[in-house]
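Remarks on the structure that follows.
2 protein chains.
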Amino acid sequence: MHHMSGTQWIKKRRSHRTYRSDVPAEDVIRDILDCGRLAPTARNVQPWLLGAVTDEAVRRDIARLAEYGRFIADAPVCFAVFVRADEKYFMEDGCAATMNIIMAATVHGLGTCWVAGHKKDYGEEVRRLLGVPKGYTLISLIAAGYSDDRPSPKKKPLEEVTFRDRCGS
Amino acid sequence: MHHMSGTQWIKKRRSHRTYRSDVPAEDVIRDILDCGRLAPTARNVQPWLLGAVTDEAVRRDIARLAEYGRFIADAPVCFAVFVRADEKYFMEDGCAATMNIIMAATVHGLGTCWVAGHKKDYGEEVRRLLGVPKGYTLISLIAAGYSDDRPSPKKKPLEEVTFRDRCGS
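Taken in sequence, the protein lines are chains E and W. Sequence positions in the first sequence follow our numbering and run 559 to 727. Sequence positions in the second sequence follow our numbering and run 559 to 727.
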């Protein structure tokens with residue numbers, strides 16, 4: 559998607575659930591994590607721990623736990639976003655890092671899919687599996703890989719979901 | 559920031575709280591809302607209502623309510639993200655739209671600042687002020703405008719907040 563200009567690539571991003579098997583280069587994975595690190599964060603607390611899992615056995619274990627993330631087993635990389643749950647804005651911070659990871663992966667030409675982590679029974683199990691310290695809670699898993707599928711879910715028109723100044727005026 | 563390539567602009571984004579007075583063009587505002595509309599959303603529900611407020615009186619009213627968003631009065635535009643609170647993943651969806659708005663504004667050369675909406679007493683008052691129907695809850699306010707300030711909050715190093723495969727291994 560490198561050829562896209564302006565905000566085109568933001569608008570073209572869709573959730574991809576099938577991937578080619580080639581693993582993104584190490585500097586690409588590192589750059590994506592770096593973008594997660596630099597996401598907006600309330601009061602600059604940066605209460606996150608961001609993982610990138612390429613190890614196949616670990617990915618398979620995650621996929622077994624995440625009932626809507628079985629495809630993580632076949633994604634060459636899975637990012638995991640944890641935040642300290644005692645921070646008031648932990649959801650905002652965790653979702654901001656998640657989105658920066660998704661955006662950066664998109665810029666690097668990867669397809670991604672956000673798999674829920676918060677409010678899921680398996681959050682604690684994934685935390686233990688990945689050796690993340692107690693006190694951190696899983697916000698999201700992001701499957702990523704080069705993808706050939708072209709999903710096109712129906713989106714609501716602009717007029718239906720946006721307003722100027724005051725709603726309905 | 560149009561000249562930035564790759565993920566540079568994701569990494570260079572910072573929160574800006576002072577703005578020039580010139581109002582972004584209508585097609586820029588519309589494109590930013592369009593990016594919000596196309597954010598990832600759990601099960602494709604798209605439970606959001608995204609507003610752009612340029613009207614000065616309305617912005618002043620918002621600024622009066624938001625104790626950490628007084629600068630909204632002097633931002634040429636303020637975006638507001640609402641979601642249907644009865645959706646299980648309303649926080650994720652609302653934060654995803656917020657981030658797409660911030661990203662798009664950044665691509666268009668605007669400075670932004672995410673002002674918390676959820677868990678704030680003023681959420682309901684802002685909802686009524688903007689004429690948004692009951693059942694929607696405020697997730698965020700995003701002040702935006704061209705900005706000359708160059709904030710540089712200290713960020714934790716990559717090694718401190720990221721890991722590969724398993725944490726601490």
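Quick reminder that beta carbons are idealized off the backbone N, C-alpha and C, glycines included.
Taking CB atoms only, residue 568 of chain W has a neighbour in chain E less than 7 Å away.
Taking residue 663 of chain E as the centre and dropping the five residues before and after it, the same chain places the C-beta of 590, 670, 702 closer than 7 Å to its C-beta, in chain order. The bridge partners DSSP lists for residue 636 of chain W are W:611, W:701.
A residue is called buried once 16 or more other Cβ atoms fall within 10 Å of its Cβ, and residue 571 of chain W is buried on that count. The beta carbon of residue 598 of chain W falls within 7 Å of a beta carbon belonging to chain E, placing the residue at that interface.
The stretch 693–708 of chain W makes no contact with the stretch 601–610 of chain E; the number of CB pairs closer than 8 Å stays below 3.
Measuring C-alpha to C-alpha distances from residue 673 of chain E to each of E:599, E:569, E:626, E:592 identifies E:626 as the nearest. Shortest Cα-Cα distance from residue 724 of chain E to any of W:722, W:616, W:693 involves W:616.
Proximity of residue 592 of chain W to chain E, defined by a Cβ-Cβ separation below 7 Å, is satisfied.
Residue 725 of chain E has a beta carbon lying within less than 7 Å of a beta carbon in chain W. Residue 716 of chain E sits in a helix when the DSSP states are folded into three classes.
When the beta-carbon positions are compared, residue 699 of chain E and residue 610 of chain E stay at least 7 Å from each other. Listed along chain W, the residues sitting closer than 8 Å to residue 607 of chain E by beta-carbon distance are 719, 720, 721, 725. Contact annotation for residue 595 of chain E against chain W: 713, 714, 716, 719, 720 [CB-CB distance below 8 Å, chain order]. In terms of Cβ geometry, residue 574 of chain E and residue 707 of chain E form a close pair [threshold 7 Å]. Between residue 619 of chain E and chain W, the shortest Cβ-Cβ separation is not below 7 Å. The Cβ atoms of residue 675 of chain W and residue 697 of chain W lie closer than 7 Å to each other. If the five residues before and after residue 654 of chain E are omitted, its C-beta is found closer than 7 Å to the C-beta atoms of 597, 598, 599, all from its own chain and listed in chain order. Residues 675, 695, 696 of the same chain have their beta carbon placed closer than 7 Å to that of residue 681 of chain E, with the five preceding and five following residues left out of the count.
Short of 6 Å from the beta carbon of residue 583 of chain W, and not among the five residues preceding or following it, lies no beta carbon of its own chain.
The alpha-carbon separation between residue 714 of chain W and residue 595 of chain E amounts to approximately 8 Å. Burial of residue 651 of chain W is indicated by the presence of at least 16 other C-beta atoms within 10 angstroms of its C-beta. Residue pairing by DSSP places residue 673 of chain W opposite W:699 in a beta bridge.
In the displayed model, residue 641 of chain E falls within a strand according to three-state DSSP. Excluding its 5 nearest sequence neighbours in each direction, residue 619 of chain E has C-beta neighbours in its own chain below 8 Å: 687, listed in chain order.
Under DSSP, residue 606 of chain W forms a beta bridge with W:641. Those residues of the stretch 680–693 of chain E placed with their C-beta closer than 7 Å to a C-beta in chain W are 688, 689, 690, ordered along the chain. Around the Cβ of residue 685 of chain E, a 10 Å sphere holds 16 or more other Cβ atoms; the residue is buried. Chain order gives the chain E residues near residue 613 of chain W as 723, where near means a beta carbon separation below 7 Å. For residue 630 of chain W, there are no C-beta contacts with chain E under 9 Å, since the nearest C-beta of that chain is about 14 Å from it. Beta-bridge partners of residue 577 of chain E (DSSP): none assigned.
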